[in-house]
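Numbering (the numbering used here), first residue to last: 10 to 437.
Read through the structure below, which is laid out as C-alpha cells, and then see the notes.
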Ligand SMILES: [Ca+2]
Ligand SMILES: [Ca+2]
Ligand SMILES: [Ca+2]
C-alpha cells in the first residue's frame with residue numbers, strides 16, 4: 010500500500026503548486042514588489058538610511074554584505090531591509106506595517122531579523138477594515154535558538170485567507186529603537202488562495218469543469234478547421250513554443266476569439282461559471298496579428314462588465330514569432346468572463362485563421378463551495394497546512410485558560426472573523 014499513499018501525496022502537492030498565485034516583496038532602498046501589491050506603514054530602509062538618512066548599522070551582517078543566517082533560511086539577494094516600527098524623527102509610534110494583495114492570501118513566508126532588541130511580532134490578516142483582523146500566529150523572538158546575536162530567520166505563517174497582511178511588533182521599543190528602528194524585514198513571499206478552481210480546455214471537443222458553459226461567441230477550433238501553425242501546434246506536437254512559467258499544452262488544440270466562422274465573427278468570447286471567480290489564468294497565443302486583448306468580468310448582463318486589465322501583445326518580449334503565454338488577471342468577482350480582442354483585425358490571415366487563439370484557462374473562486382471537516386484554512390482541501398494550524402493550538406484549553414489569545418469568545422465578539430468559519434461574517 011505504501012507506493013499508493015506516496016503517489017496520492019505527490020499528486021496533491023503538484024496540483025496545489027501548479028495553480029498557486031505567488032506574490033513577492035523584496036524590501037530595500039528601492040522595494041521590488043509584485044504587480045498589484047501595495048505597502049503601507051513601513052519604516053525606513055536599512056542599512057544606510059532611506060529618506061531620513063539613518064546611520065549605517067549591522068543588520069544581521071547586511072552592513073558588511075555578509076549575512077548571518079542558518080539553513081533552511083536562504084541568503085539575501087540585496088543586503089537591504091525595511092523596518093516595522095521604524096525610527097522616525099516625527100515620533101511615529103505606529104508599531105505595525107501592512108501589505109495589501111490583489112487576491113486573498115493563505116500563507117506568507119517572512120525573512121526577518123531576530124536582533125538585539127526583542128523582535129517578537131504577531132501576524133494578522135484582514136479585509137482592510139478595522140474590525141476584520143484575524144491572528145495567524147506569533148513569533149516569539151526570545152524563544153528562538155540563535156547562533157548569532159543578530160540572525161536572519163525565515164518563518165512561514167498560514168491561516169484563513171485575507172487580502173491585507175499586518176506585521177505587528179509586540180515587545181517594547183528596544184534601546185536602539187531611536188537610531189535603527191525595531192523589526193527588520195528583508196523580503197516576503199505570499200501565496201494566494203485558490204480554494205476552488207475551474208478549468209476550461211479548448212479543443213475540437215472542449216473540456217469544461219462541471220457547470221461551466223461557453224457563450225456562442227467563441228470561434229472555431231484550430232488547427233483542425235484551417236490547418237496552420239498555432240505556435241507549433243500545427244506541424245509538430247513536440248514543438249510547442251512557450252517559455253517558463255507557461256507550461257506545455259495537453260492537446261495541441263485551441264479555439265479562437267474573433268474567429269473566422271459565422272458563430273465567432275465578433276471580437277469577443279465569453280465563459281460562464283457557477284460561482285463568482287476572482288482570477289483567471291489564460292494560456293493564449295501571441296502570433297503574427299495584433300493579439301492584444303482585454304479581460305472583463307460581470308454578472309452576464311450587458312451592463313455589468315468590469316475590466317480586469319489588458320494584454321499588450323506588442324509590448325511582450327517574444328523568443329518566437331508565434332509564442333504561447335500564460336497571463337493572470339484579477340479583479341472584482343463575477344460569474345461571467347469575457348475576452349475582447351483590442352488589436353486591429355489581422356489584414357492577411359484573419360479570414361482563414363481568425364485572430365486570438367486560446368489553448369486553455371483556469372479560474373479561481375474565492376470561496377470553497379463545500380463543507381469539509383478538518384479544512385481549517387478554508388482552501389477546500391485537508392493537507393499539511395491544516396495540520397500546522399491544528400498543531401499551533403495543540404493542548405490549548407480555553408476552559409482552563411480563557412485569556413489565551415487563541416481563544417476567541419464568539420458570544421462577546423460574534424463579528425470576529427474567526428467566529429465565521431469558512432464563511433465571511435455578514436455574508437449570506
Ligand atoms: Ca531585501
Ligand atoms: Ca487546448
Ligand atoms: Ca485546508
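Idealized CB from N, CA, C, for every residue including glycine.
Separation of residue 102 from residue 57, as counted between CA atoms: 21 Å
Residues of its chain near residue 327, where Cβ-Cβ distance is below 8 Å and the 5 sequence neighbours each way are ignored: 295
Sequence-distant residues of its chain with Cβ nearer than 6 Å to residue 11 (five each side left out): Residue placement at residue 11 is flagged as unreliable, the pLDDT there being 36, under the threshold of 50; the coordinate-derived value follows with that caveat. For residue 11, where only same-chain residues beyond five positions count, there are no Cβ hits under 6 Å.
Residue 35 CB to nearest heavy atom of ligand 1 below 7 Å: yes
Within 8 Å, strictly: CB atoms of residue 50 and residue 111: no
Nonlocal neighbours in the same chain, by C-beta distance under 6 Å from residue 269, ignoring five residues either side: 360, 363
Integer Cβ distance of residue 238 from residue 331, believed to fall under 8 Å: 7 Å
CB contact flag (residue 370, residue 289, <8 Å): yes
Alpha-carbon to alpha-carbon, residue 348 and residue 178: 45 Å
Selected residue, minimal CA-CA separation from residue 68, among 190, 388, 260: 190
Classification of residue 33 by the beta-carbon crowding that lies within 10 angstroms, buried from 16 upward: exposed
Touching by the beta-carbon criterion (3+ pairs, under 8 Å), the stretch 201 to 209 and the stretch 280 to 288: yes
Contact set, ligand 2 heavy atom to C-beta under 6 Å: 210, 211, 212, 258, 260, 262, 263, 368, 369
Candidates 74, 351, 173: closest to residue 85 by CA position: 74
Residue 403 (DSSP reduced to helix, strand or coil): coil
Secondary structure of residue 188, DSSP reduced to three states: helix
Contact set for residue 262: own chain, Cβ-Cβ below 8 Å, skip 5 residues either direction: 211, 212, 213, 230, 231, 232, 233, 242, 368
Assumed close pair residue 79, residue 194 - CB separation to whole angstroms, cut-off 8 Å: Residue 79 to residue 194, Cβ: 18 Å. No contact.
Pick from 117, 151, 36, 417 that is closest to residue 198, judged by C-alpha positions: 117
Neighbourhood of residue 106 by C-beta, 6 Å cutoff - its chain only, sequence neighbours within 5 removed: 50, 51, 93, 176
Residue 30, buried or exposed, once every other Cβ within 10 Å from all chains shown has been counted against 16: buried
Under the three-state DSSP convention, the category residue 77 falls into: coil
Straight-line gap, residue 329 to residue 257 (C-alpha atoms, nearest Å): 15 Å
Meets three-Cβ-pair contact criterion under 8 Å: the stretch 292 to 309 and the stretch 374 to 385: no
Spatial distance of residue 188 from residue 95 (CA atoms): 9 Å
Three or more C-beta pairs below 8 Å linking the stretch 114 to 129 and the stretch 150 to 158: yes
Any non-hydrogen atom of ligand 3 within 7 Å of residue 392 CB: yes
Near ligand 1: residue 292 beta-carbon under 7 Å from a heavy atom: no
Residue 385 CB to nearest heavy atom of ligand 3 below 7 Å: yes
C-alpha gap between residue 144 and residue 398, whole angstroms: 12 Å
Residue 184 burial status per 10 Å Cβ neighbour count (16 or more: buried): exposed
DSSP-derived helix/strand/coil call for residue 72: helix
Separation of residue 137 from residue 353, as counted between CA atoms: 41 Å
Proximity test, residue 89 beta-carbon vs ligand 1 heavy atom, cut-off 7 Å: yes
Residue 380 CB to nearest heavy atom of ligand 1 below 7 Å: no
Under the three-state DSSP convention, the category residue 423 falls into: coil
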